[in-house]
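Residue numbers (this note's numbering), protein chains in the order written: chain A, 2 to 252; chain B, 17 to 267.
Idealized CB from N, CA, C, for every residue including glycine.
Here the structure is a predicted model, which is why all the values come from computation and not from measurement.
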Amino acid sequence: MKSLRKIKTFLQGFILFNILWYIIASIISMKVLPKPTDVYLNMNHLYGKSLYIHVLVSLYRIFSGLGIALILGISIGLIMAYSNLGSKLLNPLVYFTYPIPKTALLPVVMLLFGLGNSSKIILIVFILVFQVIVAVKDAVLNISPETYHPLTSLGASKLQVFINITVPAILPALLTNLRLSIGTALSILFFSEGYGTQYGIGYYILDSWMRIDYMAMYAGIVVISLLGFALFILIDIIEETLCKWKATSTN
Amino acid sequence: MLEIDELSVSYLPDKKAVHALGPISLKVDSSDIYALIGPSGCGKSTLLHVLSGIIKDYQGQVTLNGKKINPKKHDIGFIPQNFGLLAWKTVYKNCLLSLRIKEKAITSSHIERIDYIMDKLNITSLRDRYPRELSGGQKQRAAIARSFIMSPDLLLMDEPFSALDALTREEAQELFVDMWNQYKTTTVFSTHSIEEAIYMGKKIVIMSHCPGTIVEIIDNPLFNTKNLREHNEFHKLSAHLRNVVKKGWKL
Ligand SMILES: Nc1ncnc2c1ncn2[C@@H]1O[C@H](COP(=O)(O)OP(=O)(O)O)[C@@H](O)[C@H]1O
Ligand SMILES: [Mg+2]
Numbered sequence: 002m003k004s005l006r007k008i009k010t011f012l013q014g015f016i017l018f019n020i021l022w023y024i025i026a027s028i029i030s031m032k033v034l035p036k037p038t039d040v041y042l043n044m045n046h047l048y049g050k051s052l053y054i055h056v057l058v059s060l061y062r063i064f065s066g067l068g069i070a071l072i073l074g075i076s077i078g079l080i081m082a083y084s085n086l087g088s089k090l091l092n093p094l095v096y097f098t099y100p101i102p103k104t105a106l107l108p109v110v111m112l113l114f115g116l117g118n119s120s121k122i123i124l125i126v127f128i129l130v131f132q133v134i135v136a137v138k139d140a141v142l143n144i145s146p147e148t149y150h151p152l153t154s155l156g157a158s159k160l161q162v163f164i165n166i167t168v169p170a171i172l173p174a175l176l177t178n179l180r181l182s183i184g185t186a187l188s189i190l191f192f193s194e195g196y197g198t199q200y201g202i203g204y205y206i207l208d209s210w211m212r213i214d215y216m217a218m219y220a221g222i223v224v225i226s227l228l229g230f231a232l233f234i235l236i237d238i239i240e241e242t243l244c245k246w247k248a249t250s251t252n
Numbered sequence: 017m018l019e020i021d022e023l024s025v026s027y028l029p030d031k032k033a034v035h036a037l038g039p040i041s042l043k044v045d046s047s048d049i050y051a052l053i054g055p056s057g058c059g060k061s062t063l064l065h066v067l068s069g070i071i072k073d074y075q076g077q078v079t080l081n082g083k084k085i086n087p088k089k090h091d092i093g094f095i096p097q098n099f100g101l102l103a104w105k106t107v108y109k110n111c112l113l114s115l116r117i118k119e120k121a122i123t124s125s126h127i128e129r130i131d132y133i134m135d136k137l138n139i140t141s142l143r144d145r146y147p148r149e150l151s152g153g154q155k156q157r158a159a160i161a162r163s164f165i166m167s168p169d170l171l172l173m174d175e176p177f178s179a180l181d182a183l184t185r186e187e188a189q190e191l192f193v194d195m196w197n198q199y200k201t202t203t204v205f206s207t208h209s210i211e212e213a214i215y216m217g218k219k220i221v222i223m224s225h226c227p228g229t230i231v232e233i234i235d236n237p238l239f240n241t242k243n244l245r246e247h248n249e250f251h252k253l254s255a256h257l258r259n260v261v262k263k264g265w266k267l
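Here it is in structure tokens:
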């Protein structure tokens, strides 16, 4: 099992990392870098102080952003791959906007959509959707014409071709892309939660920092890291169940 | 009965028409096996693509049992040169594909037939494997099983055995003739091996250079003969074939 192996690797890394952290913290011995043991012991406390609400709010933003980006990205990617007109219209737009650093749009998004949840979700969508579009479009265009022949000769309908060929053919690319996107989405979330909100793990970290509550700050950093890892493993598990047919090339 | 009347096909790469096939006319009786033999690039695949509904743009008439050929109306088994198994489906699911696409309810008599055919082709133990975990011969047998399972009106095979090594090829040829003897499926296949044409074709169609036309149709007395090479007639026939082939291919 790939995901089990990954969890094992993660645990090894986690232990090594903490040992290093412990040693460095002991040597430096400053308040800005507490020992990991102190941070973990302190986390119990914070649970009572509604750390979990911040986690839930962040999860809500991430999943909404991801969900919308996937729905939009997959639809637009398919249109670009299967329709000539669609690709003629959308191609220049996608390739022009692809390299623009979307984080720079934060102020614009906030001016247009306010300071609330929607602007944060929209920012995540902005950043992920282009990658999804390009991944889906390329995956569809990479399907060789011969792949369709057996279904064509069976008289398959468009829907049957979509279900039996298009979906399984784009799934691996989509999941690989999603794995890369999760990291980006978390960074963006952290960044955008610095503005106009009282909730979210990003806010929690920045707020603790301002209040010079280093224990809480580190606890927040640990939590956001675990969150990223949990999402990573989730994608691995999905990939393992849906893409069994692929050679397990990644290790 | 399959009737091909003045069929001719052109490809249109970059707006410049390439005349690839014909005009050819041919009548294939029910329960016949036609071997198409001709030089590489003479249009064998093109002809099979027309018969399997993959190429819809052609001149002339093609009818199967009195109706214009149409994969949505006829049951056509097409085995492309690369066997056409879907990489994301197991052997069993690949075998079921023809029934699924035809939206036939899978009855217990279907299951019996599937089990029987898979057993006969010796792929029962491979049912849960994915194509990437199969050898060439095993893929080939899975593809043959998939086509026979839906009891096709017409079976088409594009150079079915040329990707196999010599020993596997002989075995596969024998298995195929065995299957054919049982189900008497109307079959058209292409080959570039004179020996294969003599062993497996009841009628042998010799085609000319591109654009392929029919040079000669030979009634093959040696069809389905074991130990071909020990027969005198085999050498006479293959010498004759070689002769026609040489003449035809020089034209
Ligand atoms: N998609 C295509 N576009 C343009 N020309 C093609 C295409 N497919 C085949 N041809 C041409 O048509 C001719 C017949 O090809 P093909 O049917 O594949 O021959 P064979 O199967 O007998 O080797 C060849 O000259 C080939 O170059
Ligand atoms: Mg060919």
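Asked, Found
"With a cut-off of 8 Å, does the C-beta of Leu176(A) fall near any C-beta of chain B?", "no"
"For Leu142(A), decide whether its Cβ has a neighbour in chain B, counting only Cβ atoms nearer than 8 Å.", "no"
"What span of residues does the beta strand (DSSP E) with Met81(A) cover, start to end?", "Met81(A) -> not in any beta strand (DSSP E); alpha helix (DSSP H) instead, spanning 52 to 83."
"With respect to the alpha helix (DSSP H) encompassing Gly229(A), which residues constitute its N-terminal and C-terminal limits?", "215 to 243"
"Kindly indicate the opening and closing residues of the alpha helix (DSSP H) around Phe99(B).", "Taken as a continuous stretch (DSSP letters only), Phe99(B) belongs to no alpha helix (DSSP H), as it is neither H nor E."
"Could you give the first and the last residue of the continuous alpha helix (DSSP H) run that contains Ile127(B)?", "124 to 136"
"Between Ser24(B) and ligand 1, is there a pair consisting of the residue's CB and a ligand heavy atom that are separated by less than 7 Å?", "no"
"How is Ala140(A) classed by DSSP in three states: helix, strand or coil?", "helix"
"Keeping to the same chain, check which residues put their C-beta closer than 7 Å to that of Thr251(A); ignore five residues upstream and five downstream.", "Residue placement at Thr251(A) is flagged as unreliable, the pLDDT there being 45, under the threshold of 50; a coordinate-derived value is accordingly withheld."
"Taking only three categories from DSSP, how would you classify Lys9(A)?", "helix"
"Say the cut is 7 Å; is the CB of Pro96(B) nearer than that to a heavy atom of ligand 1?", "no"
"Between the region 215 to 232 of chain A and the region 160 to 176 of chain A, are three or more C-beta pairs nearer than 8 Å?", "no"
"Indicate, with yes or no, if ligand 2 has a heavy atom lying under 7 Å from the CB of Lys60(B).", "yes"
"Determine which residues of the region 47 to 78 of chain B have a Cβ less than 7 Å from any Cβ of chain A, and write them out in chain order.", "Ser68, Gly69, Ile70"
"Establish whether the CB of Ser250(A) and some CB of chain B are separated by less than 8 Å.", "Caution is warranted here: a pLDDT of 47 is assigned to Ser250(A), below 50, making its placement in the model unreliable, and the coordinate value is therefore given only provisionally. For Ser250(A), the answer is no, since every Cβ of chain B falls outside 8 Å of its Cβ."
"Consider the Cβ of Arg148(B): report whether some Cβ of chain A lies at a distance smaller than 8 Å.", "yes"
"Against chain A, does Leu112(B) count as a neighbour if the rule is that its beta carbon must be under 8 Å from one of theirs?", "no"
"What is the DSSP secondary structure of Asp21(B), reduced to helix, strand or coil?", "strand"
"Secondary structure at Phe205(B), three-state DSSP: helix, strand or coil?", "strand"
"Under the assumption that Phe131(A) contacts Thr98(A) (Cβ atoms under 8 Å), give the Cβ distance between them as a whole number of angstroms.", "6 Å"
"Hey, would you say Ala33(B) sits closer than 8 Å to Val25(B), going by beta carbons?", "no"
"Could you tell me the alpha carbon to alpha carbon distance between Ser167(B) and Arg116(B), rounded to whole angstroms?", "14 Å"
"Whose C-alpha, out of Phe99(B), Val204(B), Gln154(B), Ser163(B), is nearest the C-alpha of Leu130(B)?", "A small correction: the amino acid at residue 130(B) is Ile; Leu does not occupy that position in the sequence shown. Residue Ser163(B) is the option with its Cα nearest to Ile130(B)."
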